[in-house]
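Participant:
Number of protein chains: 2
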Amino acid sequence: MGRVSDAKERLLEAAKGLIWEQSYGAVTVDAICRRAKVQKGSFYHFFDDKSELAVASLEADWQARQPVLAEIFSRNHPPLDRLQNFFEHVYQCQKKLQKECGYVLGCPLFNLGSEVCTRDEKIRKKVLALVKGYIRYFESAIRDAQEEGSVAGDNAGLKARWLFSYFEGALTQARIENDASSLRSLGAVALHLLDAKLAMAA
Amino acid sequence: MGRVSDAKERLLEAAKGLIWEQSYGAVTVDAICRRAKVQKGSFYHFFDDKSELAVASLEADWQARQPVLAEIFSRNHPPLDRLQNFFEHVYQCQKKLQKECGYVLGCPLFNLGSEVCTRDEKIRKKVLALVKGYIRYFESAIRDAQEEGSVAGDNAGLKARWLFSYFEGALTQARIENDASSLRSLGAVALHLLDAKLAMAA
DNA sequence: ATCATTGTTGACCACTTGGACAAGAAACTA
DNA sequence: TAGTTTCTTGTCCAAGTGGTCAACAATGAT
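If you read the sequences in order, they're chains A and B. Those letters in the first sequence? Residues 344 to 545, per the numbering used here, in order. Those letters in the second sequence? Residues 344 to 545, per the numbering used here, in order.
#1: Which chain A residues sit within Cβ distance under 7 angstroms of residue 369 (chain B)?
#2: Could you spell out the range, first to last residue, of the alpha helix (DSSP H) harbouring residue 444 (chain A)?
#3: Drop a sphere of 10 angstroms on the beta-carbon of residue 419 (chain A), count the other beta-carbons inside from all chains shown, and report buried for 16 or more, exposed for fewer.
#4: Any contact between the region 504-522 of chain A and the region 503-513 of chain B? By contact I mean 3 or more CB pairs, one from each, below 8 angstroms.
#5: Is residue 532 (chain A) closer than 8 angstroms to residue 505 (chain B) when the C-beta atoms are compared?
#6: May I ask which residues mark the beginning and end of the alpha helix (DSSP H) holding residue 383 (chain A)?
#7: Since residue 458 (chain A) and residue 367 (chain A) should fall inside the 8 angstroms C-beta cutoff, what is the C-beta to C-beta distance between them, to a whole number of angstroms?
#8: Mapping the DSSP letters down to three states, classify residue 523 (chain A) as helix, strand or coil.
#9: Relative to the alpha-carbon of residue 522 (chain A), which residue among A:467, A:489, A:438 has its alpha-carbon at the smallest distance?
#10: Measuring only the C-alpha atoms, how far is residue 526 (chain A) from residue 429 (chain A)?
#11: Using a Cβ distance threshold of 8 angstroms, determine whether the region 390-401 of chain A contacts the region 465-482 of chain A, with at least three qualifying pairs required.
#12: Taking all protein chains shown into account, decide if residue 456 (chain A) is buried (16 or more other Cβ within 10 angstroms of its Cβ) or exposed.
#13: Below 7 angstroms on C-beta distance, what does residue 471 (chain A) contact in chain B?
#14: Counting only beta-carbon separations shorter than 8 angstroms, does residue 482 (chain A) have a partner in chain B?
#15: Would you list the one or two residues that DSSP bridges to residue 539 (chain A)?
#16: Under a CB-based cut-off of 8 angstroms, is residue 437 (chain A) close to chain B?
#17: Taking all protein chains shown into account, decide if residue 443 (chain B) is buried (16 or more other Cβ within 10 angstroms of its Cβ) or exposed.
#18: Name the two residues that bound the continuous alpha helix (DSSP H) containing residue 454 (chain A).
#19: Closest to residue 357 (chain A) by CA distance: which of A:364, A:477, A:375, A:346 is it?
#20: Quick one, are the C-beta atoms of residue 536 (chain B) and residue 433 (chain B) less than 8 angstroms apart?
#21: Are the CB atoms of residue 378 (chain B) and residue 355 (chain B) within a distance shorter than 8 angstroms?
#22: State the DSSP-derived secondary structure class of residue 408 (chain B), mapped to helix, strand or coil.
#23: Check this for me: beta carbons of residue 359 (chain A) and residue 372 (chain A), under 8 angstroms apart or not?
#24: Using a beta-carbon distance below 8 angstroms, is residue 545 (chain B) in contact with chain A?
#25: Please state the DSSP three-state secondary structure of residue 509 (chain A).
#26: Does the Cβ of residue 411 (chain A) have 16 or more other Cβ atoms within 10 Å, making it buried, or fewer, making it exposed?
#27: Can you find the residues in the same chain that come closer than 7 angstroms, C-beta to C-beta, to residue 489 (chain B), ignoring five residues on each side of it along the sequence?
#28: Please state the DSSP three-state secondary structure of residue 502 (chain A).
#29: Using a Cβ-Cβ cut-off of less than 8 angstroms, list which residues of the region 413-446 of chain A approach chain B; keep chain order.
#30: Flag this pair as yes or no: are the beta carbons of residue 480 (chain A) and residue 416 (chain A) separated by less than 8 angstroms?
#31: Quick check: the Cα distance between residue 518 (chain B) and residue 446 (chain B), rounded to an integer number of angstroms?
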C-alpha cells in the first residue's frame, strides 16, 4: 500500500477555499500549498497542475454536497417546498460565509466558470456538468409541481433554466455587493417566476 | 500642450478587450501593452497600475455605451418596448461576439466584478456604480409600465433588481456555455417575471 | 528483515511578472 | 530659437512564478 496521507484532501480543500474567496487566477500553487501545509513537490505528486486540481476540487465539493441536496430535493417533500428549502439553505450558507470570513462568496461554480471558460476547456466542461446537475434538481421539482398543479405549464426544462439563471445572477450580485440580504427573497421571486399558484404567499 | 498621443485610448481599448475575452487575472500588463502597441514605460506614464486602468476602462466603456442606452430607454418608446429592445440588442451583441471572436463573452461588468470583488475595492465600487446605472434604466421602464398599467404592482425598484439578476445570470450562463441562443428569449422571460399583462405575447 | 510502493522534503531552475528609470523626441509657447 | 511640457523608448531589476528532481521516510507485503 505504501505510505498514507491526507495531503491530497488538504490540497482539494485549500484550493476550493482559496479559489472561492479570491479567484482562480489570483491563487498561486504556492498559496494553495501553504494553506494545505503541503510541499510543492507533494502538490505535483498528486496533480499535474492547478487546472487539474481545480477540476478535482469541484468534483469533491459536489460529492460532499450530495447528501444535503438529495435530502432537500427528496420526493418526500412537496415539490415547491423543495425549492423553497433549497433557496433558504443557500441564503443561510451565504449569511454564514459573510459572518465567518467577511465575504458573501456567491456560487463557486459560476465564479470559476465565468472566469476561465474561454481559456480552460476542462474546467469549463466540469462546471457545465455540475451546473446541469443543479438544473436537473430544479427541473424535477418543477415537473412534479406542474403535475400536481401548483405550477402552470408543462415546460419544466425551460423553467428550470430560467430559475437557475435568476438564482445565479442573484448570487453573483450578492457577491459583488458583499450583501446576502437580497437572497432572503430568492424563494418568493422563484414562485413568481414559475407562475406558481400560491405566488407571493411565502 | 506638449506631445499628443492616443496611447491612452489604445490602452483602454486593449484592456477592455483582453479582460473581457479572458479575465482580469489572466491578463498581464505586458499583454495589454502588446495589444495596444505601447511600451510599458508609457503604460506607467498614464496609469498607476492595472487596477486603475481597469476602472478607467470600465468608465470609458460606459460612456461609450450611453448614446445607445439613452436611445433604447428613451421615454419616446413604450416602457415594455424599451426592455424588449434592450434585451434584443444584448442578444444581437452576444451573437456578434460569438461570430467574430468565437466566444459569447457575457457581461464585462459582472465577469470582472465577481472575479475581483474580494480583493480590489476600487474595481468593486466602480462595478457597483455602473450596475446601479443599468438597474436605474430598468427601474424607470418598469415604473412607467406600472403607471400605464402594463405591469402589475408598484415595486419597480425591487422588480428591476429581480430582472437584472435574471438578466446577468442568463448572460453568465451563456458565456460559460459559449452559446447565445438561450438569450433570444430574454425579453419573453422578462415579461413573465414582471407579471406583464401581455405576457408571452412576444 | 527486506523490499516495493507511496508519499515527503527542500533545494533548484528558467522564465515571467510588475515596476523604475534616464535619456530622447514631438509638440506647443515665448 | 530656446524652453517647457508631455509622451516614448529600451534597459534594468528584484520578486515571484510554475515546475523538476533526487534523496529520504513511512507503510504494508513477503
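Ideal placement from N, C-alpha and C gives every residue a C-beta, glycine not left out.
Facilitator: Per the coordinate set shown:
#1: Within the second sequence, the letter at position 26 stands for residue 369 (chain B). Ordered by position in chain A, the residues that pass the 7 angstroms Cβ test against residue 369 (chain B) are 368, 462.
#2: Counting from 1 along the first sequence, the entry for residue 444 (chain A) is found at position 101. Residues 422-444.
#3: Walking along the first sequence from the start, residue 419 (chain A) turns up at place 76. Its Cβ having fewer than 16 others within 10 Å, residue 419 (chain A) is exposed.
#4: yes
#5: For the purposes of this step, residue 505 (chain B) is taken as residue 162 along the second sequence, with counting starting at 1. For the purposes of this step, residue 532 (chain A) is taken as residue 189 along the first sequence, with counting starting at 1. Contact: yes.
#6: Here residue 383 (chain A) refers to the residue found at position 40 when the first sequence is read from its first residue. Where residue 383 (chain A) is concerned, the enclosing alpha helix (DSSP H) stretches over 383-389.
#7: Translated into positions along the first sequence, residue 458 (chain A) becomes position 115. Translated into positions along the first sequence, residue 367 (chain A) becomes position 24. Residue 458 (chain A) to residue 367 (chain A), Cβ: 5 angstroms. Contact.
#8: If you number the first sequence from 1, residue 523 (chain A) lands on position 180. Here residue 523 (chain A) sits in coil by DSSP.
#9: Taking the first sequence and counting its residues from 1, the one referred to as residue 522 (chain A) is at position 179. Among A:467, A:489, A:438, the Cα nearest to that of residue 522 (chain A) belongs to A:438.
#10: Reading the first sequence from its first residue, position 183 is the one you call residue 526 (chain A). Reading the first sequence from its first residue, position 86 is the one you call residue 429 (chain A). Cα-Cα distance, rounded: 12 angstroms.
#11: yes
#12: The residue labelled residue 456 (chain A) in the question sits at position 113 within the first sequence. Answer is buried; the Cβ neighbour count reaches 16.
#13: Within the first sequence, residue 471 (chain A) is the residue found at index 128, counting from 1. Under the 7 angstroms cutoff, chain B gives 519, 520.
#14: Start at 1 with the first residue of the first sequence, and residue 482 (chain A) comes out as number 139. For residue 482 (chain A), the answer is no, since every Cβ of chain B falls outside 8 angstroms of its Cβ.
#15: In the first sequence, residue 539 (chain A) corresponds to position 196, counting from 1. In DSSP, residue 539 (chain A) forms a bridge with A:494.
#16: Taking the first residue of the first sequence as position 1, residue 437 (chain A) is located at position 94. False, the Cβ-Cβ gap to chain B never drops below 8 angstroms.
#17: To locate residue 443 (chain B), count along the second sequence from 1; it is residue 100. Exposed, by the Cβ-count rule.
#18: As a first step, residue 454 (chain A) is located in the first sequence; it is residue number 111 there, counting from the start. Counting along the chain, the alpha helix (DSSP H) containing residue 454 (chain A) begins and ends at 451-459.
#19: Along the first sequence, one-based indexing puts residue 357 (chain A) at 14. Measuring from the Cα of residue 357 (chain A), the nearest candidate turns out to be A:375.
#20: The residue given as residue 536 (chain B) occupies position 193 in the second sequence. The residue given as residue 433 (chain B) occupies position 90 in the second sequence. No, the pair does not count as a contact, with Cβ atoms beyond the cut-off.
#21: One-based indexing of the second sequence puts residue 355 (chain B) at position 12. One-based indexing of the second sequence puts residue 378 (chain B) at position 35. Contact flag unset, no.
#22: As a first step, residue 408 (chain B) must be located in the second sequence, where it is residue number 65. It is helical.
#23: Residue numbering aside, residue 359 (chain A) sits at position 16 when the first sequence is read from its first letter. Residue numbering aside, residue 372 (chain A) sits at position 29 when the first sequence is read from its first letter. Against a cut-off of 8 angstroms, the Cβ pair of residue 372 (chain A) and residue 359 (chain A) comes out as no contact.
#24: Counted from its first residue, the second sequence places residue 545 (chain B) at position 202. Its pLDDT being 37, under 50, residue 545 (chain B) is placed unreliably in this model, and the coordinates cannot settle the point.
#25: The count along the first sequence starts at 1 and reaches residue 509 (chain A) at position 166. Looking at residue 509 (chain A) - three-state DSSP - the assignment turns out to be helix.
#26: If you number the first sequence from 1, residue 411 (chain A) lands on position 68. With fewer than 16 Cβ atoms within 10 Å of its Cβ, residue 411 (chain A) is classed as exposed.
#27: The sequence position of residue 489 (chain B) within the second sequence is 146, counting from 1. Hits under 7 angstroms: 496, 497, 499.
#28: Locating residue 502 (chain A) in the first sequence gives position 159, where the first residue counts as 1. Three-state result, residue 502 (chain A): helix.
#29: 446
#30: On the first sequence, position 137 is the one that residue 480 (chain A) refers to. On the first sequence, position 73 is the one that residue 416 (chain A) refers to. Yes, these two residues count as a Cβ contact at 8 angstroms.
#31: For this step, residue 518 (chain B) is matched to residue 175 along the second sequence. For this step, residue 446 (chain B) is matched to residue 103 along the second sequence. Looking at the two C-alpha atoms, the distance is approximately 7 angstroms.
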